[in-house]
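To start, the structure under review is shown below, and the notes come after it.
2 protein chains.
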Amino acid sequence: MPSETVNYEADGLAMKGQLFRPAGAAGPRPGVLVFPEAFGLGEHALSKAERVAGLGYVALACDLHGNALQVTDMEKMMGLLGPVASSPAKTRARAKGAFDALTAQPGVDAAKIAAIGYCFGGTMSLELGCSGAGLAGIAGFHSGLASVTAADAGNIKGRVLLCLGADDPGITPEHRAAFEAALKAGGVSWDLHLYGKVVHSFTNPKADALGRPDFARYDPHADAESFEAMRRLFEEVLDKAG
Amino acid sequence: MPSETVNYEADGLAMKGQLFRPAGAAGPRPGVLVFPEAFGLGEHALSKAERVAGLGYVALACDLHGNALQVTDMEKMMGLLGPVASSPAKTRARAKGAFDALTAQPGVDAAKIAAIGYCFGGTMSLELGCSGAGLAGIAGFHSGLASVTAADAGNIKGRVLLCLGADDPGITPEHRAAFEAALKAGGVSWDLHLYGKVVHSFTNPKADALGRPDFARYDPHADAESFEAMRRLFEEVLDKAG
Numbered sequence: 001m002p003s004e005t006v007n008y009e010a011d012g013l014a015m016k017g018q019l020f021r022p023a024g025a026a027g028p029r030p031g032v033l034v035f036p037e038a039f040g041l042g043e044h045a046l047s048k049a050e051r052v053a054g055l056g057y058v059a060l061a062c063d064l065h066g067n068a069l070q071v072t073d074m075e076k077m078m079g080l081l082g083p084v085a086s087s088p089a090k091t092r093a094r095a096k097g098a099f100d101a102l103t104a105q106p107g108v109d110a111a112k113i114a115a116i117g118y119c120f121g122g123t124m125s126l127e128l129g130c131s132g133a134g135l136a137g138i139a140g141f142h143s144g145l146a147s148v149t150a151a152d153a154g155n156i157k158g159r160v161l162l163c164l165g166a167d168d169p170g171i172t173p174e175h176r177a178a179f180e181a182a183l184k185a186g187g188v189s190w191d192l193h194l195y196g197k198v199v200h201s202f203t204n205p206k207a208d209a210l211g212r213p214d215f216a217r218y219d220p221h222a223d224a225e226s227f228e229a230m231r232r233l234f235e236e237v238l239d240k241a242g
Numbered sequence: 001m002p003s004e005t006v007n008y009e010a011d012g013l014a015m016k017g018q019l020f021r022p023a024g025a026a027g028p029r030p031g032v033l034v035f036p037e038a039f040g041l042g043e044h045a046l047s048k049a050e051r052v053a054g055l056g057y058v059a060l061a062c063d064l065h066g067n068a069l070q071v072t073d074m075e076k077m078m079g080l081l082g083p084v085a086s087s088p089a090k091t092r093a094r095a096k097g098a099f100d101a102l103t104a105q106p107g108v109d110a111a112k113i114a115a116i117g118y119c120f121g122g123t124m125s126l127e128l129g130c131s132g133a134g135l136a137g138i139a140g141f142h143s144g145l146a147s148v149t150a151a152d153a154g155n156i157k158g159r160v161l162l163c164l165g166a167d168d169p170g171i172t173p174e175h176r177a178a179f180e181a182a183l184k185a186g187g188v189s190w191d192l193h194l195y196g197k198v199v200h201s202f203t204n205p206k207a208d209a210l211g212r213p214d215f216a217r218y219d220p221h222a223d224a225e226s227f228e229a230m231r232r233l234f235e236e237v238l239d240k241a242g
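In order, the protein sequences belong to chains E and S. Residue numbering for the first sequence is 1 to 242, as defined by our numbering. Residue numbering for the second sequence is 1 to 242, as defined by our numbering.
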C-alpha cells in the first residue's frame, strides 16, 4: 500500500509520519494515530498502520524521536526515551503534534479519531487522551500504565482498550491495579485484555530478535486477538452514526 | 430453534438438559456445554445455547439442580447452591454428567468439546476442566474463580477464557490475582477480559430485574464483546484441523 510522508512539528522536533489511506473511500473517513514502540517509527508500526487503513480508516504512523529516527541499541533507546518518558508534558506534546497533523489532513473526519500504540506508543496514546484530546477511542498494546492518575483519566473522552501480557515484567499486577483504579475514579469506560504466558512486545514478529524471551516475545494468539479487539473498538466508536 | 430434551444422571440427580443442533450439519460437529447461572436452567442459558448452535456447534444447555428446577428467590437459591458450591467433587459430578451426555450424542465430535458457563455455571466449566475432562476450551462469564488451585489448574487441558466485570463485588481483584497465579502455575493458556464499570450478570438482559444494580446489571457492550471472544475461542480450539 502506498503511503504519503506527513511532516509535522511536535515538542520542537521535525517529525516525519507516514499516512496510509483506505482504498476507495468516498467522503471523509475516521482517522487513527498509530504510535510506535520506543525504538522509533519503523516496520512494525508501519505495517500495523497499513492494516488499519485496510480496515477503512486513514492511518497515520507517527514519528517518535524526530526525522523518523530509529534506534536498535537498547542503551541508545533508553537515552533517547528517558527525557520523554519522564515528562508527561513532553509525551503529550509529541502525541498532540501527530493528532493535529492527522486531523488537518483532507479526507479525515476530525470528529472521529482514535489513537493506538505499542509499548511507549501505547503510553503516548493514553497520555494524549489524558490531555483532553478529542479521541473517540484509545488502544494500547503492551503499553506502560504507570503514569495515568485519576485526575488525568478524568480528561479521557473515549473508550479505552488495553491489551497486556500477564507476564510482562515491565507491567506488573500493581501497575494494572493502579491503572484500573485511576480509570474507575476518572469515570472512563475501559476493557483490559490480559493474556497468560505472554510477555512484552507480543504484537511484534521481530521481538524475538532481541534475544530476551523472558522480556519480549512475539505471540501469534495475543497479536491476533488484540488486533481483533481493536478492530471491534473502532467499529464501536468510529463507525457508529453521528 | 427446536431443541431436544436430554435426560442424564449427575451427582445422583435426574437431569433434564436441552440440546440444540446446528442447521444443516454434515457429519459430526464439535459440542459445547452451556452451564446456567445459579438459579438453574432457564431462558438465559437456553438462549445462549441456541446462539452457540447458530455458530455451528451442538450445544447442550445443562441442568444444574435436577429436573430443570429453576428458582427465583435468592435465599432459596443459596440454600440449593451451598452444598454444591462448597464441594468441588459435587460441582464436578454435576458437570461431568452433562459432559458424558453430550459426548454420547450422535452427530457430536467427542474429541472437540468446549464448556462455557455463567456465574456458577462458569465455575462448573472450570471445575470440569480441573477434573481433567477432555475440554478443548473453557469460557466463563462473570464466574467465580476462588476454587481453582494450582494443582487443579494443572489438569486443565484446553484454553481458558474468563470474562469478568471489573466492579463485580463477588469477584475481587484478590480472586483474580489468585486465579492468574493458579493458571500460571498450572501451565494453562488463558485470556482474561475485564470490563470497566461492569458488575455481575452482565450477559443477562434480565439481570436488572433483581433490583440490585450495584451487584447485578446487564451490560450490552460486555455481553457482545464476551460472546464474540467466546466465538473466537471456539474458532481457535474447535474448528482447527485434527
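Glycine is no exception: its CB is placed at the ideal position from the N, C-alpha and C atoms.
Cα-Cα separation between residue i and residue j, rounded to whole angstroms
i	j	result
S:N7	S:A207	28 Å
S:G40	S:A178	27 Å
E:A222	E:V199	10 Å
E:A257	E:A53	The requested residue 257 of chain E does not occur in the structure, where chain E is confined to residues 1 to 242.
S:T149	S:R92	14 Å
E:F234	E:G137	7 Å
E:D152	E:S131	7 Å
S:G24	S:A229	25 Å
E:K184	S:D214	14 Å
E:R231	S:N67	43 Å
S:P18	E:R176	Checking the sequence shown, residue 18 of chain S turns out to be Gln, not Pro. Roughly 41 Å between the two C-alpha positions.
S:S87	E:A216	41 Å
E:P220	E:S143	18 Å
E:A181	S:A111	42 Å
E:K16	E:L60	10 Å
S:P106	S:V58	10 Å
S:S147	S:E43	27 Å
S:L80	E:G211	55 Å
E:E75	E:G82	10 Å
E:E236	S:P22	29 Å
S:L135	E:L135	41 Å
E:K240	S:H65	43 Å
E:E127	E:Y118	13 Å
E:G56	E:R29	7 Å
E:E174	E:D73	29 Å
Exposed unless 16 or more other CB atoms sit within 10 angstroms - verdict on residue i
i	result
S:A26	exposed
S:G12	exposed
S:T172	exposed
S:A89	exposed
S:K48	buried
E:D63	buried
S:E9	exposed
E:A104	exposed
S:A14	exposed
Residues near residue i by beta carbon distance below 8 Å, same chain, minus five either side
i	result
S:Y218	S201, F202, T203, N204, P205, K206, A207, D208
E:H193	L161, L162, C163, L164, E225, S226, A229
Under 8 Å between C-beta atoms of residue i and residue j
i	j	result
S:A95	S:L238	no
E:M77	E:V84	no
E:E37	E:F120	yes
S:I156	S:A139	no
E:Y195	E:A166	yes
E:L33	E:L145	no
E:D109	E:G170	no
E:C125	E:F227	According to the sequence shown, residue 125 of chain E is Ser rather than Cys. The answer is no: Cβ separation not under 8 Å.
E:G122	E:F141	yes
Close beta carbons around residue i, own chain, < 6 Å, minus the five adjacent residues each side
i	result
S:E4	L19
E:G154	G186
Cβ-based neighbour list, residue i, same chain, cut-off 7 Å, excluding 5 preceding and 5 following
i	result
E:M1	F20, E50, A53
E:K197	D167
E:A133	K96, F99
S:L69	G40
| message | Counting beta carbon pairs with one atom in the stretch 152-172 of chain E and one in the stretch 189-196 of chain E, are three or more of them shorter than 8 Å? | response | yes
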